[in-house]
Ligand code: PXL
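Numbering (the working numbering), first residue to last: 11 to 292.
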């Protein structure tokens, strides 16, 4: 049996633990082969740093795709996140058309913003394009800010907790055609996690773990990477979400214990063993 492959289409930020610096180690620890297709190279992520460098990799994407096509590569998952330009949206759509097989799971993290704010490098055109791209997904993993952008409603108008979250997840499902994992969803006091609509079962259910009382950076990428890995390993959506939420909680607790600065992301590396081989607690 060959090791399953995941095409990971995200930026590479050298410092700050997000996107590919999170996806590669997590997928590898889960026993999967991560094939990165970088959308940009930055010195750091864009949250909490100023003066970061930004190398746009847009022109590389069709060249990499063409080479991979000539090699007849197939992927068990296509997993996309932070994009570097509006032009990349159409390129990622082409990539999905070219490389999606009958057993490929397409996970699109519609990365656009957080806490009601759009990220510095995301233009209105990129946000509209992200909505279009996300229509190709089997699973999307928006936070509440991204849910508002996908639904084209003001962030302030969205319910932030409780049962209203169920309605948001269902509204995002394209009438039941795609699964939705709405992250940062707190249904119970002192707990947080995700509100999930599963397109395979047609059911909407919350997954909750203890809330670590602090803000973090990059937890969306840690969450979506574990989720993608678990789906490729054969977990159903709810089990994959449980693993992802639990791993994020454990990393968050460690990050608080060691008092790591917010902009350095979560201290996940010493926790990778928990994900290994499906034999650990996760
Ligand atoms: O975590 C999402 C993300 C990914 N990549 C870059 C970012 C962010 C969020 O700020 O800045 C470069």
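Ideal placement from N, C-alpha and C gives every residue a C-beta, glycine not left out. Since the structure is predicted, the reported quantities are computational estimates derived from the model, not experimental observations.
For residue 124, the closest C-alpha among the options 81, 165, 136 is that of 165. By the neighbour-count criterion, in which a residue is buried when 16 or more other Cβ atoms sit within 10 angstroms of its Cβ, residue 286 is exposed. Three or more pairs of CB atoms, one per stretch, sit closer than 8 Å, so the stretch 21–29 contacts the stretch 45–61. With a cut-off of 7 Å, the C-beta of residue 23 is classified as near ligand 1, since at least one heavy atom of the ligand falls inside that distance.
With respect to residue 116, residue 147 sits close: the two C-beta atoms are nearer than 8 Å. Within the chosen limit of 7 Å, ligand 1 reaches the beta carbon of residue 129 through at least one heavy atom. In this structure, residue 86 keeps its C-beta atom at 8 Å or more from the C-beta atom of residue 197. Shortest gap from the CB of residue 125 to any heavy atom of ligand 1: 7 Å or more. Taking C-alpha positions only, residue 62 is separated from residue 171 by approximately 34 Å.
DSSP links residue 89 through a beta bridge to 18, 117.
The C-beta distance from residue 255 to residue 249 rounds to 11 Å, too long to meet the 8 Å contact threshold.
Taking a 10 Å sphere around the C-beta of residue 268, we find fewer than 16 other C-beta atoms and assign the residue as exposed. Here residue 22 has 29, 30, 31, 46, 48, 50, 51, 52 as same chain residues with Cβ atoms under 8 Å from its own Cβ, once five neighbours each way along the sequence are excluded. In terms of Cα proximity to residue 203, the closest of 167, 218, 209 is 218. Straight-line measurement puts the Cα of residue 101 at about 26 Å from the Cα of residue 185. At a Cβ-Cβ threshold of 8 Å, residue 150 and residue 190 count as neighbours. In this structure, residue 61 has its CB at a distance of at least 7 Å from all heavy atoms of ligand 1. According to the DSSP assignment, residue 213 belongs to the beta strand (DSSP E) that extends over 213–220.
Restricting attention to alpha helix (DSSP H) runs no shorter than 4 residues, the stretch 196–265 encloses them at 229–242, ordered along the chain. Put simply, of 98, 236, 16, 209 the residue whose alpha carbon is nearest the alpha carbon of residue 78 is 16.
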